[in-house]
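Everything on this sheet refers to the single structure shown next.
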Amino acid sequence: MLRTRIVGTGFVTGEHRVINDALSQILETSDAWIRERTGVTERYYVEEGTATSDLGVRAAEKAITDAGIDRREIDFLVFATMTPDYYFPGCGGLAQAKLGLGHVPALDIRQQCSGFIYGLQTCDALLRSGVAKTILFMGAEVHSGFMPWDREQMRLLFGQSDQLPTAAQKEWNSRFRDRAVLFGDAGAAIVLRAEEGERGLVGAKLHADGSAFEQLYVPAAGFAYRPYLSDAQFREGRYVPVMNGRGVFKMAVTRMPDVIRELCQEKGVALDDIDLLIPHQANLRISEAVQKALGLPDEKVFNNIQRYGNTTAASIPIAYHECRKAGRIKPGDLVCFVAMGAGFHWAAALMRE
Ligand code: ACO
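With the first letter of the sequence shown counted as 1, position 78 gets the number 79 in my numbering; the numbers rise by one all the way through.
If you want it as structure tokens, here you go:
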């Protein structure tokens, strides 16, 4: 049996660690509120000038070393992000050039928090059909570009300034506080190959429902408008994602367990057979509710949102890398990935180690 295996992993974060107390200098929030509602204690933001493709490339260098391959063996590149460097082109081609990979195909995936699992299924199809032999798959995000505060306030967060924001600036920032505290900047990469045997991707189940997209989306900029970007959109802060937090939460805690059950049933696997669940890291409370719904013990679920915040397309591969390196995954283990994100898209995958 030909199965897709992850043969190398790596990740990087943004350059600046930002703890909750730093955010409370520029927003009406507190460390206690953020920990209690989300589990996050810190996240990283990039230095201005570091873009998503840079984080993807830095992570890719590590994954290539970890896989022990020559980069010239990579014959296909896939890049998942919702925060690309430019409106177009996507990050795939930019990363390909920065890595010096030659003219290999570069594909962009934009399924937000489900980008990793959507991308994994695409890589699996490319590998098992023989289109590609060695794929480099990156997931990276620079969410800090969404943040509604200016450079000086970012410098305060980075410990490079002691100038506090005005009351008006703090009031403006606080309008976005439910989203601003959640996200962090990071990049992750994996190297994939198809190999004969039982080990590798057992299967994936993907879903989408575009009818509720307004529960979580970025209203500006977009070609639904003419021009696609305007001063008014900027003044109104419409470049920051709009989110119905409670609605998203409710959807996540039902759809994520449902898609896992559906996939397990399809593959003839019992929930008890799952050795490790790696949920997309959107909110620790969501992961806990998914764990409870499935009746899994603590030792079978991995979370690291506390240290990185929600890193969207990078979150599952970062968690997977940490589990691999910490010995949480043994040969023969059945690992389950699950995610739900904007779109809405949700998905699960099973991987035999
Ligand atoms: N600090 C302090 N208070 C806050 C903050 C904050 N950062 N954010 C919101 N509040 C306040 C609200 O203003 C509200 O105050 P009020 O009662 O005076 O009106 C109160 O806290 C409760 O607000 P809720 O929005 O009801 O808080 P909730 O418990 O739902 O938590 C949260 C908000 C954390 C956003 C939660 O709803 C959540 O995590 N939802 C899911 C988010 C998610 O998973 N998104 C998907 C991932 S992103 C992607 O796919 C791209």
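Heads up, the beta-carbon is just placed ideally off N, CA and C, and yes, glycines get one too.
As the structure is a prediction and not an experimental result, all values here were calculated from the model.
Is the distance from the Cβ of glycine 140 to the Cβ of glycine 344 below 8 Å?
Glycine 140 places its beta carbon 8 Å or farther from that of glycine 344.
Quick check on the DSSP output: the alpha helix (DSSP H) that includes glutamate 48 runs from which residue to which?
Where glutamate 48 is concerned, there is no enclosing alpha helix (DSSP H), given that its DSSP letter is neither H nor E.
I need the boundaries of the beta strand (DSSP E) containing histidine 17, first residue and last residue.
17-20 is the span of the beta strand (DSSP E), which, as asked, contains histidine 17.
Confirm the yes/no value for this check: CB of arginine 247, any heavy atom of ligand 1, distance under 7 Å.
Result yes, Cβ under 7 Å from ligand 1.
Is the number of C-beta pairs between the stretch 214-222 and the stretch 301-320 that are closer than 8 Å three or more?
no
DSSP three-state label for lysine 134, please.
coil
Please return the same chain residues whose Cβ sits closer than 7 Å to the Cβ of serine 162, not counting the five positions on each side in sequence.
Glu153, Arg156
In chain order, what residues of the same chain have a beta carbon less than 8 Å from the beta carbon of serine 130, not counting five sequence neighbours either side?
none
With hydrogens ignored, establish whether the beta-carbon of isoleucine 287 is closer than 7 Å to any heavy atom of ligand 1.
yes
Quick one: using the 10 Å Cβ neighbour count with 16 as the cut-off for buried, is aspartate 125 buried or exposed?
Its Cβ being crowded by 16 or more others within 10 Å, aspartate 125 is buried.
Using the DSSP secondary-structure output, state which residues sit across from leucine 202 in a beta bridge.
Met352
For the beta strand (DSSP E) that methionine 341 lies in, which residues bound it at each end?
Methionine 341 -> beta strand (DSSP E) spans 335-342.
Pull up the distance between the alpha-carbon of leucine 95 and that of serine 54, whole angstroms please.
6 Å
Pick out the complete alpha helix (DSSP H) segments inside the stretch 243-311, 4 residues or longer, and give them in chain order.
246-268, 285-295, 306-309
Across which residues does DSSP place methionine 139 in a beta bridge pair?
Phe80, Ala190
When DSSP builds the beta bridges, which residues end up paired with tyrosine 218?
In the DSSP output, where bridge partners are listed per residue, tyrosine 218 has Val243.
Any heavy atom of ligand 1 inside 7 Å of the beta-carbon of aspartate 179?
yes
What does the Cβ neighbour count give for glutamate 197, buried or exposed, with the cut at 16 atoms within 10 Å?
Exposed, since its Cβ has fewer than 16 Cβ neighbours within 10 Å.
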